[in-house]
Amino acid sequence: MFEIGGFEQEYYRDYAVALAYDQEPERAQEALDEAIELGLKEDSIYYTRGEVKKSQQELDQALNDFKSCVAVSEDNELKARAYLVMSDIYQEQGRDQDQREILLEAREALPVENQMVLLQRLIQADIDLAERSGSDSYREEAIQLLNQVIDQGWDTYETYNNLVILCEKQGRLEEAEQYLNQMAQQFGEDYNIYKRLAFLEIDKQEQKSNSQRDYSAFAGYYQNASEMYQEQLENHDTDAEMQLLDNVYQQVLAGGWLSSWD
6 MFEIGGFEQE YYRDYAVALA YDQEPERAQE ALDEAIELGL KEDSIYYTRG EVKKSQQELD
66 QALNDFKSCV AVSEDNELKA RAYLVMSDIY QEQGRDQDQR EILLEAREAL PVENQMVLLQ
126 RLIQADIDLA ERSGSDSYRE EAIQLLNQVI DQGWDTYETY NNLVILCEKQ GRLEEAEQYL
186 NQMAQQFGED YNIYKRLAFL EIDKQEQKSN SQRDYSAFAG YYQNASEMYQ EQLENHDTDA
246 EMQLLDNVYQ QVLAGGWLSS WD
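Residue numbers for the sequence shown follow this note's numbering, so the first one is 6 and each next one is one higher.
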């Protein structure tokens, strides 16, 4: 299998890692040992050993190896891989703060071009921590990071959807509406956009006194969301938020707020 004349460090490293992922740690260790004899670089040794230890559920030792990898390596792609696996381990262990800290470290240590997946992980970590702790600071950081994703041209539909949800939770309603308009322009209208507009309109009206409230825009958004949702329902999963929106609409109707709306 291994020929000195055709030796490529990445081949040996990735072969051993593949064996580790296939739950063959003994063969992975053999491949690593042979690669070490043939001159595998120190950072690759640490990384591969970390993967082997991870496959054996020796997670603390795996973390130590991955940390050693990023400490000695000048290969940004390998460092990014090590940071991602450390993030996975912390998530598996339920160590949310440690996961966030290692992802923040990665953001500082790596050039922007190696950060795309790491940023997505950090955003999700912030969102999860915000939900568990109720801390606004995590949401604000997630908003900042999502805007960085947009600035780098890595944005997707989900990028804007997350921004809308986070901005609404932070009370930044006008900003949330702007992102919804961007979503519609960039990706086309769909039921989810109208659903979010409807929820946003409810929040807007709740900030007003009863005499100043007008739910006609909400009713329009609700109708569009409901119609589009029914049209696509056959080939998609149900959306629990649509049931919630139905309930809100019925409450608005029962309150007499739409008596003059057609």
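For glycine and all other residues, C-beta sits at the position ideal for the given N, C-alpha and C.
Cutoff 6 Å; reference residue i; Cβ partners in own chain excluding five residues on either side
{"i": "ALA40", "result": "TYR17"}
{"i": "GLU56", "result": "VAL22, ALA25"}
{"i": "ASN197", "result": "none"}
{"i": "ALA111", "result": "TYR88, LEU123"}
{"i": "ALA259", "result": "none"}
{"i": "MET121", "result": "TRP159"}
{"i": "SER101", "result": "The sequence shown places Asp at residue 101, not Ser. Taken in chain order, the residues that qualify are LEU134."}
{"i": "ASN64", "result": "It should be noted that the sequence gives Leu, not Asn, for residue 64. If we look at LEU64 and ignore the five residues flanking it on each side, its Cβ neighbours are ILE94."}
Under 8 Å between C-beta atoms of residue i and residue j
{"i": "LEU178", "j": "LYS213", "result": "no"}
{"i": "VAL75", "j": "TYR95", "result": "no"}
{"i": "ALA23", "j": "LEU37", "result": "no"}
{"i": "GLU182", "j": "LEU205", "result": "yes"}
{"i": "LYS84", "j": "ALA130", "result": "no"}
{"i": "GLN175", "j": "ASP133", "result": "no"}
{"i": "ASN119", "j": "GLU82", "result": "yes"}
{"i": "ILE207", "j": "VAL253", "result": "yes"}
Proximity to residue i [Cα-Cα], best of the options
{"i": "ASP70", "options": "GLU79, GLU82, ASN81, ASP48", "result": "ASP48"}
{"i": "GLY99", "options": "ARG137, MET121, SER142, TYR143", "result": "ARG137"}
{"i": "LEU45", "options": "SER78, GLU239, GLU173", "result": "SER78"}
{"i": "LEU171", "options": "ILE148, GLU29, ASN119", "result": "ILE148"}
{"i": "ASN229", "options": "ASP160, TYR184, ASP195", "result": "ASP195"}
{"i": "ALA67", "options": "TRP262, ASN81, GLU82, ILE50", "result": "ILE50"}
{"i": "LEU202", "options": "ASN240, ASP80, GLN237, GLU246", "result": "GLU246"}
{"i": "ASP93", "options": "SER60, GLU239, ARG144", "result": "SER60"}
{"i": "ASP160", "options": "ARG144, TYR184, GLY139", "result": "TYR184"}
{"i": "LYS72", "options": "TYR143, LYS58, ASP19, TYR52", "result": "TYR52"}
{"i": "GLN217", "options": "TRP262, ASP27, GLU180", "result": "TRP262"}
{"i": "ASP19", "options": "LEU64, ARG86, GLU63", "result": "ARG86"}
{"i": "GLU173", "options": "ARG32, ARG144, SER231", "result": "ARG144"}
Cβ neighbour criterion (16 or more within 10 Å) applied to residue i
{"i": "SER221", "result": "exposed"}
{"i": "THR243", "result": "exposed"}
{"i": "GLN104", "result": "buried"}
{"i": "GLU42", "result": "exposed"}
{"i": "LEU238", "result": "exposed"}
{"i": "GLU236", "result": "exposed"}
{"i": "LEU249", "result": "exposed"}
{"i": "GLN34", "result": "buried"}
{"i": "GLY10", "result": "Its pLDDT being 38, under 50, GLY10 is placed unreliably by the model, and nothing is read from it."}
Close Cβ partners of residue i (< 8 Å) along its chain, the five nearest in sequence each way excluded
{"i": "LEU109", "result": "LEU127"}
{"i": "GLU15", "result": "SER49"}
The ligand NAD heavy atom lying under 7 Å from the CB of residue i
{"i": "ASP65", "result": "In the structure on display, the ligand NAD does not appear, and there are no ligands present to speak of."}
Same chain, Cβ closer than 7 Å to residue i, neighbours up to 5 away in sequence not counted
{"i": "PRO116", "result": "ASN81"}
{"i": "TYR199", "result": "TYR226, ASN229, ALA230, MET233"}
{"i": "LYS58", "result": "GLN66, ALA67, ASP70"}
{"i": "GLU180", "result": "CYS172"}
Any 3 or more C-beta pairs closer than 8 Å across the segment 164-176 and the segment 138-155: Yes: at least three Cβ pairs fall under 8 Å.
Should the segment 220-238 be regarded as contacting the segment 174-191, the criterion being three or more beta carbon pairs within less than 8 Å? Counting Cβ pairs under 8 Å, fewer than three are found: no touch.
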